[in-house]
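Numbered according to mature numbering (1 follows the signal peptide of the UniProt record, and there is no 0), the sequence shown spans residues -18 to -1, 1 to 613.
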Amino acid sequence: MYKFVVLVLMLVVAAATGERRECPASFNCGYVGNISFPLTTAERQECGLLAIHNCSESPQVDRWVQLSDEGKTFLVIRVSQQNSTSIQFRDKDLYDLLQSRNCNAFRYNYTLSTPPTFHHFASLYMEYNTTLHTCNPTLRVPPTKNMFRYANCTDIHIYYGLFNHTPQIQKSLASCTKVVLPIKDVPDGNDPFTFVNADIIAKVILSQECTDCHYKQRGQCQLDSKSKFCCANVRPPENTSTSSRSWAVMNMRLALGLALSIVAALLLLSVCCLRRKLFTLTICCFWNRTRSTGEIIIESFLKQHGSHPTRRYKYYEIKKFTDDFKVKLGQGGYGTVYKGKLQDGSLIAVKVLSEVKGTAEEFINEVASISRTSHVNIVSLVGFCFQGSKRALIYEFMPNGSLEKFLCEENSTTVGRQLDSRSLYDIAVGVARGLNYLHRGCNTKILHFDIKPHNILLDKDFCPKISDFGLAKICPRKESIVSMSCARGTIGFIAPELFSRNFGGISHKADVYSYGMMVLEMVGGRNNKNVEVDRSSELYFPHWVYKRLELDEELGLRCIRKESDREIVRKMTLVSLWCIQTNPLCRPSMSKVVEMLEGSLESFELPPRPFFSSSPTSPIHYSSIHTSECL
């Protein structure tokens, strides 16, 4: 014990009196010129927040930056640090598409990810960008002043300019996809290739804390063990009367004080260990006086993401929007949903999260996941609330509720409102497009892990919207297999590989499986009583459907009401059976699913017989979410 204390004293004193490797005022970075804080070189990353690589290489070697771990690299063009820090870098993929006039350039949704080294010390944003709307060519948008349409792409039309957002224009563009892209000029004229730019000018804005730390105290912006800001390695200002010797004395006093504190803490810990009851009581009292781990996690996440694109509301505003939680829309395992109205009259659905284990993780996942999306088949997050233990998520209001209530025959309120096969088909296609966007259309890959009818919301036109991202996992786009410690989702929709790795690795194919089970439920109904199948029996519904298709027999499902329904239902059924293949490698991607649904039934083949096993359908959630692996 005493040897350990002496060792601690020696290490602390040595650390305090030893020479520090100070950061220079600037670094030379070849053709980029001299760079200074918050920029630094890859060799001295402790001296800044954003590192430029290859600074010490020959002038012919490209300098590059990387905004996220294992993310895309950008070619550095130039740096300006006269009044503030701006860095111009090039997205080479976007550059090649623009140079070849490839319309895939307009499928990028360009949002800069905040480098992990920024934490809440700084923020990064594009100085020049614009929003374009990519729409189906069949869409007819009434012309308005300062709005342009580019129609030279084969599968999309692009609308842009200074929009006069009349209600008619907003309604027409509602089914389009919003795309944010960097620009070099005002978006006018009839050719977006002339103003969309692959050279992004990003401005770095330091927080006031970090500015004072670096420029006034000559320290380094860091986070302590509690994810709080701290100014480390503070040095005395230059050109002062304080001598090097007096500074060393100050360091020695600080070291001795720290060492004595450590010794006192060790002695106190020894006494507490001898008196176990007192030790336990002390720990309990300590945690009662501190914030919960979940609150710390959420605060750290919000600080890392800086000025969040989604608006943050106070709890009193939430109460006002919902008229003190007057109209209850529904309740789930993680909270209650209420109807509300914003000040501008827009209807909203407010999901107030329960104060239970896992809520912090669900909150982080839902805000992080949906904030990254912009798609007609993904529910829009209007805002959120985090205030102490109060957490709420605010969504656009979906007047037709969830798909689940239109499939449940026992619910008397929906009898007679069950959807016809064409409506079910349109919903299936919409959900497939939304999932394909999550898997391939975002800057990061988002795996939902809880696709089921309850989580598909329907707007006034029955356009489907994927919702409830509480169990989602955010991963790099190039990552095909993800790591998870246990299953997540709802029993009856969970892919077999989530239960046992013997079936294969966990990937986006888990969402494909859940989608297939959901489509089977759409064509068959909740309990499938029209075909005299009980899911509690050994005759599991997918097995029954597969056998009918194998024998080329009529399905006899309730959604087949006329002759034209037969082809639609058969196509949906075949697609779903492909999706629920036991081997993930045998399942199609969601892009292939969209292609199959929109293609001809004549090209379909009966898939191999999957391994079926009856499973209970009660919703059981597994909320073991590891944000360190995802976010």
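Heads up, the beta-carbon is just placed ideally off N, CA and C, and yes, glycines get one too.
Helix, strand or coil: how does DSSP classify residue 621 here?
Given that the chain is displayed from residue -18 to residue 613, the structure contains no residue 621 and the question cannot be resolved.
Keeping to the same chain, check which residues put their C-beta closer than 7 Å to that of residue 80; ignore five residues upstream and five downstream.
87, 175, 178 and 180
Quick check: the stretch 181 to 189 against the stretch 94 to 108, are there 3 or more CB pairs under 8 Å?
yes
Helix, strand or coil for residue 239, going by three-state DSSP, please let me know.
helix
Going by C-alpha distance, which of 323, 116, 335 and 42 is nearest residue 356?
116
Suppose the cutoff is 7 Å on Cβ atoms and the five residues either side in sequence are ignored; what does the same chain contact list for residue 348 look like?
375, 451 and 452
Report the residue ranges of all alpha helix (DSSP H) runs contained in full by the stretch 71 to 159; include only those spanning at least 4 residues, in chain order.
74 to 81 and 149 to 155
Return the residue from the list 71, 481 and 210 that minimises the CA-CA distance to residue 183.
71
Cβ-Cβ distance between residue 185 and residue 68 below 8 Å:
yes
Indicate whether residue 320 and residue 307 have their beta-carbon atoms separated by less than 8 Å.
Taking 8 Å as the Cβ cut-off, residue 320 and residue 307 qualify as a contacting pair.
So the candidates are 486, 487 and 480; which of them puts its Cα closest to the Cα of residue 496?
480
For a test of the three-state rule: what should DSSP assign to residue 181, helix, strand or coil?
strand
Do three or more CB pairs link the stretch 425 to 434 to the stretch 572 to 586 at distances below 8 Å?
no
Give the range of the alpha helix (DSSP H) segment to which residue 555 is assigned.
Its alpha helix (DSSP H) spans residues 545 to 561.
Keeping to the same chain, check which residues put their C-beta closer than 6 Å to that of residue 216; ignore five residues upstream and five downstream.
199 and 201
Helix, strand or coil at residue 316 [DSSP, three-state]:
Note: residue 316 maps to coil in three-state DSSP.
Tell me which residue opens and which closes the beta strand (DSSP E) that residue 495 is part of.
Per DSSP, residue 495 belongs to no beta strand (DSSP E); it is in the alpha helix (DSSP H), 491 to 506.
Which residue comes first and which comes last in the alpha helix (DSSP H) that contains residue 409?
Residues 403 to 418.
Quick check: the Cα distance between residue 377 and residue 388, rounded to an integer number of angstroms?
21 Å
Selected residue, minimal CA-CA separation from residue 48, among 63, 555 and 23:
23
Cα-Cα, which of 20, 548 and 251 is closest to residue 195?
20
Please confirm if the stretch 121 to 140 is in contact with the stretch 207 to 214, defined as three or more CB-CB distances below 8 Å between the two stretches.
no
What number of angstroms, rounded off, separates the C-alpha of residue 149 from the C-alpha of residue 119?
21 Å
Three-state secondary structure assigned by DSSP to residue 691:
A query on residue 691 cannot be resolved here, the shown segment of the chain reaching from -18 to 613 and no further.
Taking buried to mean at least 16 other C-beta atoms within 10 Å of its own C-beta, is residue 163 buried or exposed?
buried
Selection from 530, 359, 457 and 345 that minimises the alpha carbon distance to residue 372
Scanning 530, 359, 457 and 345 for the CA closest to the CA of residue 372 turns up 345.
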